[in-house]
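Only one structure is covered here, and it is reproduced in the block below.
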Amino acid sequence: MLWLIASTIVAAGMATAMIFVRLRAAKKPASVKKIILPPFMMSTGALMFVFPMFRVQWSQVFEAVMIGAIFSIFLIRTSKFEVRDGDIYLKPSKAFIGILFGLLILRIILKLIVGHHVSFGETSGMFFLLAFGMIMTWRIAMLKQFLHLEKKMEPKKDLA
Numbered sequence: 219m220l221w222l223i224a225s226t227i228v229a230a231g232m233a234t235a236m237i238f239v240r241l242r243a244a245k246k247p248a249s250v251k252k253i254i255l256p257p258f259m260m261s262t263g264a265l266m267f268v269f270p271m272f273r274v275q276w277s278q279v280f281e282a283v284m285i286g287a288i289f290s291i292f293l294i295r296t297s298k299f300e301v302r303d304g305d306i307y308l309k310p311s312k313a314f315i316g317i318l319f320g321l322l323i324l325r326i327i328l329k330l331i332v333g334h335h336v337s338f339g340e341t342s343g344m345f346f347l348l349a350f351g352m353i354m355t356w357r358i359a360m361l362k363q364f365l366h367l368e369k370k371m372e373p374k375k376d377l378a
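In this note's numbering, the protein residues as written are 219 to 378.
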């Protein structure tokens, strides 16, 4: 139970930090690097699967990643870009904060339910995969949107 409480506090802290990062990101131009780095940095967490207690079955991997991808729809819907002063910026969304905390609460409820049937290590592995599936799907959608907008912005070549 102590691990469940500790991991919930860490998840709440990460969600809060994400909100501040998102608000700050809206003040600076977006870039491909800023969009793709978070999933790469998060992927280091997969080292947890080196330890047998965190390993999960392939069916659980698929389920967790798919649920994460479904959850990402809410984040994708609130992540829009706009062009300002010749640069591309992420538009701030008031709904993002509510959605992020709503997803956190949903994840905690799911974690409590799954935690009764699956060991702490497997639950941790599954919820890492859920979060990774959510972040990866969201960032791929953001990258596609950013590149599409960037392509539209390219100056027309003067043929004269």
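Backbone N, C-alpha and C define an ideal beta-carbon position, used for all residues, glycine too. These figures come from a predicted structure and were not determined experimentally.
Asked: Between G333 and I237, what straight-line distance do the alpha-carbon atoms span, to the nearest angstrom?; Found: 27 Å
Asked: Where M371 and G304 are concerned, what is the direct C-alpha to C-alpha distance, given to the nearest angstrom?; Found: 8 Å
Asked: Would the beta-carbon of L347 fall within 8 Å of that of G286?; Found: yes
Asked: H366 to L293, Cα distance in whole Å?; Found: 18 Å
Asked: Excluding five sequence neighbours on each side, which residues of the same chain lie with their C-beta closer than 6 Å to the C-beta of V274?; Found: E340, G343, M344
Asked: Go ahead and pull the three-state DSSP assignment for L377.; Found: For L377, the predicted structure reports a pLDDT of 47, less than 50, and the residue's modelled location is therefore unreliable. A value from the coordinates is still provided. DSSP places L377 in coil when its eight states are reduced to three.
Asked: Candidates V250, A224, V228, R240: which alpha carbon is nearest F364's?; Found: V250
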